[in-house]
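Numbering (our numbering), first residue to last: 2 to 215. Backbone N, C-alpha and C fix where the C-beta goes; we use that ideal spot for every residue, glycine too. Quantities reported herein were computed from a predicted structural model and do not represent experimental measurements. The next block holds one structure in the form of structure tokens; read it before the comments.
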């Protein structure tokens, strides 16, 4: 079915209407091209949000086949990459998202509503980043969080967001120092106790020998 620009803007489930229903996407290519950049991004966000994760590859292929070398097909591809990064951030090792070759700050800025729909609360992600990421990666992660900025997570400024993470990271560093000092103190105490015990044993043996000769 061929849709008009007005139809596209009014769609509640464009994934079903444009992607799952035959050649609707191809037939509606002129209307899609007539959308403004902002309107296209909104449509892409809706399509990606309605697409099952396991269908992203097929979605990407169909859009690129139907709308060859268009800004819309490019945006679909970018949104699919972003979803992979967001799912990685929600995983057991969220710091790996920042190390991915596909990591691109501009994707987070381009699709802020997609980001907020997948990760509504970044605070929990930050806490997990601090507790699971290698300590030597914390400074790099802090810089990348600052680059994401307020356009992505709706905080007042990017400085607010990076400062919050830096505080958590600093707390972890301080705890690591305390743990190191504690371990060192325990080892020193063990050494002292062992030396004292050895000295006491040696003294006792000497007393026994002296008593024997007397």
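For this session: Could you check what DSSP says for residue 160 in three-state terms: helix, strand or coil?
Result: Counting from one through the chain shown, the residue named residue 160 turns up at place 159. Note on residue 160: pLDDT 49, under 50, position unreliable in the model; no value is reported.
Exercise. Do residue 94 and residue 54 have their C-beta atoms within less than 8 Å of each other?
Worked result: Position 93 of the chain shown, counted from the start, is the residue given in the question as residue 94. Position 53 of the chain shown, counted from the start, is the residue given in the question as residue 54. No, the Cβ-Cβ distance between residue 94 and residue 54 is not below 8 Å.
Problem set entry | Span of the alpha helix (DSSP H), counted from its first residue to its last, around residue 23 | As a first step, residue 23 is located in the chain shown; it is residue number 22 there, counting from the start. Residue 23 -> no alpha helix (DSSP H), and no H or E assigned at all.
Problem set entry | Inter-residue Cα distance where the pair is residue 108 and residue 169 | Taking the chain shown and counting its residues from 1, one reaches residue 108 at position 107. Taking the chain shown and counting its residues from 1, one reaches residue 169 at position 168. Going by the C-alpha atoms only, they are around 26 Å apart.
For this session: Compute the distance between the beta-carbons of residue 51 and residue 17, then report whether it is under 8 Å.
Result: By one-based count along the chain shown, residue 51 stands at place 50. By one-based count along the chain shown, residue 17 stands at place 16. For residue 51 and residue 17, yes; Cβs fall inside 8 Å.
Exercise. Measuring CA to CA, which of 127, 84, 69, 179 is closest to residue 113?
Worked result: Taking the first residue of the chain shown as 1, we reach residue 113 at position 112. Here the closest residue by C-alpha is 84.
For this session: Under the assumption that residue 9 contacts residue 44 (Cβ atoms under 8 Å), give the Cβ distance between them as a whole number of angstroms.
Result: As a position in the chain shown, residue 9 is number 8, starting the count at 1. As a position in the chain shown, residue 44 is number 43, starting the count at 1. At roughly 6 Å, the Cβ-Cβ gap stays under 8 Å, so residue 9 and residue 44 are in contact.
Exercise. Between which two residues does the alpha helix (DSSP H) harbouring residue 52 extend?
Worked result: Residue mapping note: residue 52 aligns to position 51 of the chain shown, counting from 1. Per DSSP, residue 52 belongs to no alpha helix (DSSP H) and is neither H nor E.
Exercise. Near residue 71, which residues of its chain fall below 8 Å by C-beta distance, leaving aside the five closest residues on each side in sequence?
Worked result: Start at 1 with the first residue of the chain shown, and residue 71 comes out as number 70. Around residue 71: 30, 33, 34.
Problem set entry | Which of helix, strand or coil DSSP assigns to residue 8 | Translated into positions along the chain shown, residue 8 becomes position 7. Helix, per DSSP.
Exercise. Are residue 145 and residue 73 closer than 8 Å when you measure CB to CB?
Worked result: Working through the chain shown from its first residue, we reach residue 145 at position 144. Working through the chain shown from its first residue, we reach residue 73 at position 72. Contact: no.
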